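Contents: one structure, followed by commentary.
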Amino acid sequence: LLLGERLAKPERGKMRVHKISNVNKALDFIASKGVKLVSIGAEEIVDGNVKMTLGMIWTIILRFAIQDISVEETSAKEGLLLWCQRKTAPYKNVNIQNFHISWKDGLGFCALIHRHRPELIDYGKLRKDDPLTNLNTAFDVAEKYLDIPKMLDAEDIIGTLRPDEKAIMTYVSCYYHAFSGAQKAETAANRICKVLAVNQENEQLMEDYEKLASDLLEWIRRTIPWLENRAPENTMQAMQQKLEDFRDYRRLHKPPKVQEKCQLEINFNTLQTKLRLSNRPAFMPSEGKMVSDINNAWGGLEQAEKGYEEWLLNEIRRLERLDHLAEKFRQKASIHESWTDGKEAMLQQKDYETATLSEIKALLKKHEAFESDLAAHQDRVEQIAAIAQELNELDYYDSPSVNARCQKICDQWDNLGALTQKRREALERTEKLLETIDQLYLEYAKRAAPFNNWMEGAMEDLQDTFIVHTIEEIQGLTTAHEQFKATLPDADKERQAILGIHNEVSKIVQTYHVNMAGTNPYTTITPHEINGKWEHVRQLVPRRDQALMEEHARQQQNERLRKQFGAQANVIGPWIQTKMEEIGRISIEMHGTLEDQLNHLRQYEKSIVNYKPKIDQLEGDHQQIQEALIFDNKHTNYTMEHIRVGWEQLLTTIARTINEVENQILTRDAKGISQEQMNEFRASFNHFDRKKTGMMDCEDFRACLISMGYNM
């Protein structure tokens, strides 16, 4: 019954062995269908083992009633649960999560029935708090209208904390099989309606194809002769009108036909696909209306269209070429004639004859730019000649005037080339002459400037007032002057060379008739200035000779005065120094009585006073030296001031020494000091005068008094 298959005939015996054999046949068949009967044997079944028997029955239910359920790639228990969740999702108070407590209120069973057979249950009147009514309603309706036996008891479900999962799963699977069978029947009916609709649609597609194919082929047959017409037009306007008609055909008439052809192919392919999917024979259009026939006809149209377009364009290009060439010739000729206007007069100018070197160089650069411009226009002249030649070859109606104008342009071009070369040669020749002159000017300036500076320096030196104090200085000036005079011949040669450069410039100007725009740009020194300064130098030289000779004689006289003063000063100076030393020794080393010493000092003073005439004579020589403005004397280290100071010191010293002796005599007489005491005082003093200066400092004097017995 489960599979609709026949098994081997069972054994008819009543013995236990016969029963076990029959049960094994059933179990083997079940196992052959993929059912695993774990720990279930025929003996337990025959012996009435309730647990084993129930386990076998649940295994059969699970395999043949539940395992084949498949919902969204899930099967068996999960698939059945998912099916229940999908079907009851729109219903309130229903939340199917399992096969036990989710069904206790009965609303899940009622929702499944109402979802598939809404006329059997008024779901709106059901209440969640009345599970008994809900369960009995679902069980009764399922048994009466869906042929699902009442496998469950409402009181058992309500009175159990957790209803039996396997029992509910088995009962719910009956709902699934009942409703899925009804859905299959509905699907079959829908398929029949769909087949009829597809057949009608296919018939319509066939009729549409036949009509579209006929219309398209008729349009192609009418259009091809128009496209194959190659009758040329004589005017550009007529040819442009034909081109405009062809463009209208391309823009307005052909695109809808292209769309029709594309739609025709789409409809044909769609129809054949639908027929193939419906297991119907392929559609065969009428003779001559196959897609290939239409494609062939369309290919002929395209070929005719392509040839017609090429012909139109070639004809238009031919007429346009003539008009374009003529206009291009006129345009290029006008541009060239406008450019050449005034060029011949410009090239014949002789502005370079009065230009400076910098202006000549600027003119050359300008001429080079013109030559570049001229070379650039060579291409335009060649283009003009080529266009004229092409117009002649194409038999242009106005060829004579084109040829005359072209010949005039070519003749003028040749003349411009000759004038350009001639002007370049003249500019380069003038540039070379001016560069030579410029080099001479530069050489003149380079040599004239230092020579001029030399002459100005020489004039300053020759006119310079010299101040000398010695014969050696005047001799040095005389030697330098003689050396300067020795350079004058070479200087004269340099002057003549500089003047020669200037003369060479004048010669070039006269020979080549160069119009000099100005003077030497590198210097303002003229040959006239050079000659004037040279003559002045020559006049100053003998004047300098005379001045040096006079100064030399004056310095010789000064030298004689220096020697005369030096000779006397070198005697008097040491004499004064000697006398000063002698007086110092006398005052320290006095011998004899004080009266004898006093007499000796007065005689010494007299001899010093007798030396005064020599001092006066030296004063006279010094007066002459001062009048001669002599400020130094290498012949002596003594100045008159030194001599005067020494003489005054000598007189003062001898007078002070005499006065000291006189004071000593007065003291001796007043104190009653004997000669021996005086000698002792003298000896003590000399002993403690360690520096031998005739004086003692405070400490030495203290020591001297202590040595003489004074209690300090």
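Position 134 of the sequence shown, counted from 1, bears residue number 134 in UniProt numbering, the numbering being contiguous throughout.
Even for Gly, the Cβ is constructed at its ideal location relative to N, Cα and C.
Here the structure is a predicted model, which means the values were calculated and not measured.
Candidates the options, of which the one nearest residue i by Cα
i, options, result
"C84", "I57, H116, K125, K343", "H116"
"F29", "P10, H18, V17, D47", "P10"
"K432", "A385, V514, A333, H642", "V514"
"I384", "A355, A304, E327, R538", "E327"
"P90", "K104, S102, A111, P400", "A111"
"L271", "R560, A458, Q204, E535", "Q204"
"R321", "A388, A355, E305, E435", "A388"
"H536", "M459, Q475, Y604, Q496", "M459"
"I57", "K166, T593, H642", "K166"
"residue 733", "G55, R585, W647, E595", "Residue 733 cannot be examined here, being either before or after the span of the chain that is shown, 1 to 712."
"D545", "G342, Q475, I508, N503", "Q475"
"N403", "T356, E472, F329", "F329"
"H622", "E529, L132, Y638", "Y638"
"E504", "Y176, T436, E550, P131", "T436"
"S334", "C406, K365, D632, E428", "C406"
"Q412", "A142, L357, S338", "S338"
"K408", "H336, I316, Q677, V46", "H336"
"E368", "L357, K332, R424, R318", "R424"
"S39", "A26, I658, G55", "G55"
Separation of residue j from residue i, as counted between CA atoms
i, j, result
"A670", "H600", "23 Å"
"E382", "P527", "59 Å"
"L82", "Y123", "22 Å"
"Q675", "Q617", "45 Å"
"P542", "T523", "31 Å"
"V198", "K274", "8 Å"
"C410", "G500", "53 Å"
"G79", "A42", "32 Å"
"I148", "E44", "30 Å"
"F466", "Q483", "17 Å"
"R668", "E680", "13 Å"
"N610", "M580", "16 Å"
"G613", "A480", "One point to set straight first is that residue 613 is Pro, not Gly, in the sequence displayed. Rounded to whole angstroms, P613 to A480 spans 45 Å at the Cα level."
"N392", "D414", "23 Å"
"T354", "A486", "46 Å"
"Q200", "I121", "40 Å"
"Y145", "C174", "13 Å"
"K289", "G307", "26 Å"
"L227", "I294", "18 Å"
"L427", "A418", "14 Å"
"residue 713", "A376", "Here the chain comprises residues numbered 1 to 712, so residue 713 is not present and cannot be evaluated."
"R250", "P400", "42 Å"
"A231", "I316", "13 Å"
"A628", "E641", "17 Å"
Three-state secondary structure assigned by DSSP to residue i
i, result
"I498", "helix"
"N711", "coil"
"A197", "helix"
"P131", "helix"
"S286", "coil"
"L601", "helix"
"L161", "coil"
"V468", "coil"
"P489", "helix"
"H687", "helix"
"G457", "helix"
"T59", "helix"
"H100", "coil"
"K692", "coil"
"V35", "coil"
"L1", "coil"
"H513", "coil"
"Q348", "coil"
"Y441", "helix"
"A326", "helix"
"M580", "helix"
"R94", "Strictly speaking, residue 94 in this sequence is Val, with Arg absent from that position. If DSSP states are grouped into helix, strand and coil, V94 belongs with coil."
"F631", "coil"
Expected contact under 8 Å - CB spacing of residue i and residue j to nearest Å
i, j, result
"K257", "L216", "6 Å"
"A297", "L264", "At roughly 12 Å, the Cβ-Cβ gap does not stay under 8 Å, so A297 and L264 are not in contact."
"F565", "I625", "6 Å"
"F246", "E310", "No, F246 and E310 are not in contact; Cβ-Cβ is about 11 Å, not under 8 Å."
"M455", "W534", "6 Å"
"I643", "I615", "7 Å"
"L132", "I96", "In fact, because the Cβ distance is near 20 Å, the residues do not count as touching under 8 Å."
"L107", "K128", "6 Å"
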